[in-house]
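Below is one structure, written out as structure tokens, with a few remarks after it.
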Amino acid sequence: MHRIVFATAVVLVTAFGCGSSVSPDATADGGAEQCVDGQTTCLASTFQRCEGGSWVDQEVCSQICDSTLGCVECVPGANFCDGNDVYSCNSDGSRGGFLETCEGELICSQGRCVDACQEAADGRSYIGCEYYAVDNDNAIEVLDVAGDDGCGGGGGIFNPGNPGAVQRDDLFVCHDPDATGLPPLFPPQFVQGLCDPDGGCPSGYACEQTPVCVLDAQNSPFAVVVSNPQESAVDVTISDAAGSAETFSLTPGEVRSILPQSLGFADHSIDGSGVSASAYKIVSTAPVVAYQFNPLDNVDVFSNDGSLLIARHAYDQKYYGMTWPTLERRSQGTHDYHGYITVVAWQDDTQVTVKPNAGVIAGPGIQALSAGQNATVTLNAMEVLQIQAVPDGDLTGSLVEAANGKTFGVFAGHEAIVIQNTEQSCCADHIEEMMFPASTWGKDFVIARSKDRGMNEPDLLRILAQKGGTTVTFDPTPIEGSCGTLNEGQFCDVRVQVDTQITASEPVLIGHYLLSVLESNGFTAEGIGDPSLALAVPYEQYRSAYDFLVPSEYDEQYVSVVAQQGAEVKLDGASVSSQLAPVAGGAFVAGRIKVEPGQHKLECPSSSCGIEIYGYSDAVSYLFAGGLDLQQIVIE
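Residue numbers (the working numbering): 0 to 635.
Below, the structure is given as structure tokens:
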């Protein structure tokens with residue numbers, strides 16, 4: 000939520016977990032007859048005095064600017080925090096006496112001892128003390144039957160960059176050991192991908208467990224990554240429905256990658272429609288930031304994405320899915336890549352009703368559904384429902400809502416999608432994202448397009464309507480596509496080359512997609528990165544401070560920033576405002592800033608801002624929102 004507090008001091012360092020912003024009593028940019036001689040004010044962190052009718056800079060404050068006193072250490076008369084210690088502030092803005100130390104599960108926030116987890120829950124932001132992660136369905140590419148020497152340690156089938164390592168697996172595939180071809184141009188095709196969910200195969204092929212050579216992102220190392228932005232240690236526990244659990248202590252500022260299977264947890268990766276006890280529960284003794292990567296980092300990976308995890312306190316009762324059509328590939332001699340929606344329950348007897356916009360494949364606990372056919376499913380804590388779309392079916396706009404008033408979380412994604420930049424563009428890549436509740440959608444957006452990858456590629460924006468009669472305007476106009484009038488669950492796709500301001504007449508959800516840009520002639524390759532998905536954050540849910548993580552092993556990684564014109568923006572304490580440029584009419588600025596792996600903090604002390612985090616390597620990429628408030632701002 001965008002919150003502006005008017006006061007006599009501008010606080011330059013925001014307390015983590017609050018996200019509110021403080022603005023000066025007045026602002027000025029110079030010029031004659033704008034003030035009365037002797038008046039003082041603060042312009043962001045700069046103390047100004049009126050001289051000769053114009054504002055003149057006096058001093059840039061390193062901590063707090065007070066509109067009367069100038070640069071001070073604290074807000075006069077207000078208590079403040081130094082770590083977990085509470086101090087008073089003298090009337091002259093200097094440090095006063097020690098008052099108390101916050102102990103146990105209490106932390107110091109805005110000059111008082113508070114239950115940090117409860118404060119995070121009350122604030123309804125992305126930061127919290129309880130999360131649920133799901134190892135969603137990812138891609139497996141079957142290359143051929145394994146030979147006597149296995150798979151020969153080869154790597155990469157899409158381009159000379161070898162994105163992914165070939166390995167040997169015993170899988171149920173469509174197999175014909177007697178297949179013939181026309182060698183050498185058309186060698187025999189002994190396998191035609193994985194078996195269909197019902198065990199079906201093309202004519203002449205049988206579903207058999209066979210040693211095959213594959214690129215396997217489905218069983219690559221899934222990870223939950225947790226960062227501790229607190230000034231004291233935080234204990235984090237991950238557990239599953241089977242009773243496995245591990246606890247870690249994170250020091251202040253520490254980032255920890257948790258790979259459940261390496262800790263002895265069972266493999267909870269999901270494959271196909273169905274209900275399963277597959278969720279991971281993450282709890283902490285103080286608010287943390289959590290993400291999931293499927294799989295983690297860019298190590299021998301050919302299909303991946305990451306998602307910001309939404310804290311359980313922000314779960315709600317109504318969601319819509321944002322994904323992509325199932326990629327039909329049986330006609331090309333291999334298995335399909337499916338789009339899906341995943342529901343995760345945190346409490347027993349959670350009844351959810353799904354209304355898909357496309358046909359759904361049957362699985363354990365869920366029958367086959369046609370488009371528009373409702374189904375209600377009961378989940379217990381830690382259980383997950385995944386519904387996958389039939390070939391060419393698109394679950395975008397599908398409704399998922401509570402049937403008995405209990406809250407839950409929702410993911411949407413796809414095993415691997417292709418969104419081509421040109422007819423020569425390759426390749427497919429996994430997408431997944433945790434959905435924002437319908438109650439948190441907004442009407443006003445600024446999209447900072449992704450860092451150009453040298454292939455003149457646009458970004459694709461998918462705009463999904465929640466209410467009938469929704470109209471959407473763009474500034475500037477997209478290079479391709481338009482929206483017209485949208486009804487509930489309908490969407491439109493546009494392509495943009497530049498930073499774009501978007502205004503909708505009713506609340507919308509915007510999916511921000513990266514395109515496939517890799518182009519290869521068989522000997523050389525150009526371009527970097529593949530499709531990925533983030534949900535755009537509406538201006539109404541911007542924050543003034545973000546703690547975020549950048550993963551390892553990617554060639555290029557960036558944070559895109561959107562802020563109000565004139566706002567100060569700091570990355571890890573250093574100003575980056577000069578790297579932002581005006582968007583459209585000039586009320587906002589945006590830019591792309593290169594970042595290194597690890598934990599970072601971005602602040603907009605005098606305003607609020609929005610961020611996206613993303614990275615590229617060869618034929619893989621990831622993209623996710625860097626954080627947001629999740630205030631319930633939509634009125635039914």
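All C-beta atoms in this analysis are idealised placements derived from N, C-alpha and C, irrespective of residue type, glycine included. None of these values were measured; they are calculated from a predicted model.
- When secondary structure is reduced to three states using DSSP, Cys116 falls in the helix class.
- Unbroken beta strand (DSSP E) stretches of 3 residues or longer found wholly inside the region 460 to 526: 469 to 474, 490 to 495, 499 to 513, given in chain order.
- Annotation: the continuous beta strand (DSSP E) that includes Ala374 extends over 374 to 378.
- DSSP, reduced to helix, strand and coil, places Leu394 outside both helices and strands of the structure shown, so it counts as coil.
- A contact is defined here as three or more CB-CB pairs under 8 angstroms, and the region 232 to 252 meets this definition with respect to the region 273 to 281.
- Close CB contacts of Glu414 within its chain, under the 7 angstroms cut and outside five residues either way in sequence, are with Asp136, Asn137, Ala138, Tyr336, His337, His429 (chain order).
- Taking a contact as a CB-CB distance under 8 angstroms, the pair Gly441 and Tyr545 does not count as one, their CB atoms being some 17 angstroms apart.
- Within the same chain, Pro187 come within 7 angstroms of Thr179 by CB-CB distance, once the 5 residues on both sides are set aside.
- Looking at the backbone, the Cα of Asp347 and that of Tyr314 are separated by about 15 angstroms.
- Secondary structure note for Phe587: its beta strand (DSSP E) is the uninterrupted segment 587 to 593.
- Phe490 is a Cβ neighbour of Thr395, given a cutoff of 7 angstroms.
- Beta-bridge analysis with DSSP links His599 to Phe547.
- In the three-state DSSP reduction, Pro228 falls in the coil class, being neither helix nor strand.
- Residue pairing from DSSP places Phe292 in a beta bridge opposite Ala222, Gly305.
- Just so you know, the alpha carbons of Leu326 and Gly392 end up roughly 8 angstroms apart.
- Taking 7 angstroms as the cut-off, the Cβ atoms of Ser44 and Cys64 count as close.
- Of all C-beta pairs linking the region 590 to 599 to the region 502 to 509, fewer than three are shorter than 8 angstroms, placing the two stretches out of contact.
- Val399 sits away from Val359, with the two beta carbons spaced by 7 angstroms or more.
- For the 7 angstroms CB-CB criterion, Ala310 and Gly127 form a contact.
- The beta carbons of Ile269 and Ile340 sit no closer together than 7 angstroms.
- The C-beta separation of Arg167 from Cys206 comes to about 19 angstroms, leaving the pair out of contact by the 8 angstroms criterion.
- Per DSSP, reduced to three states, the secondary structure at His413 is strand.
- Beyond the five residues adjoining it in sequence on each side, Pro196 comes within less than 6 angstroms, by CB distance, of Gly271, Ile360 in the same chain, given in chain order.
- Ranked by Cα distance from Asp451, the options Gly590, Glu479, Val343 are led by Gly590.
- Sequence-distant Cβ neighbours of Asn373 in its own chain, meaning closer than 8 angstroms and more than five residues away, are Thr352, Val353, Lys354.
- Cys206 has Cys173 as its beta-bridge partners, per DSSP.
- Around the Cβ of Pro581, a 10 Å sphere holds fewer than 16 other Cβ atoms; the residue is exposed.
- Cβ-Cβ distances below 8 angstroms link Arg48 to Gly37, Gln38, Thr39, Trp54, Val55, Gln57 in the same chain, with the five nearest sequence neighbours on each side left out; the list follows chain order.
- Contact annotation: Gly273 and Tyr290 have beta-carbon atoms that are not nearer than 7 angstroms.
- In this chain, the beta strand (DSSP E) harbouring Gly69 covers 69 to 71.
- Nearest to Gln208 by C-alpha distance, out of Gly192, Asp215, Tyr131, is Gly192.
- The residues Ile462, Cys482, Leu485, Cys491, Ile501, Thr502, Ala503, Ser504, Val507, in chain order, have a CB closer than 8 angstroms to that of Val471 in the same chain once the five nearest residues on each side in sequence are set aside.
- The DSSP assignment places complete alpha helix (DSSP H) segments of no fewer than 4 residues inside the region 56 to 141 at 115 to 122, in order along the chain.
- An exposed status is given to Ser90, since fewer than 16 other beta-carbon atoms sit within 10 Å of its beta-carbon.
- Where Ile430 is concerned, the enclosing beta strand (DSSP E) starts and stops at 428 to 433.
- With fewer than 16 other CB atoms across the displayed protein chains lying within 10 angstroms of its CB, Glu635 is exposed.
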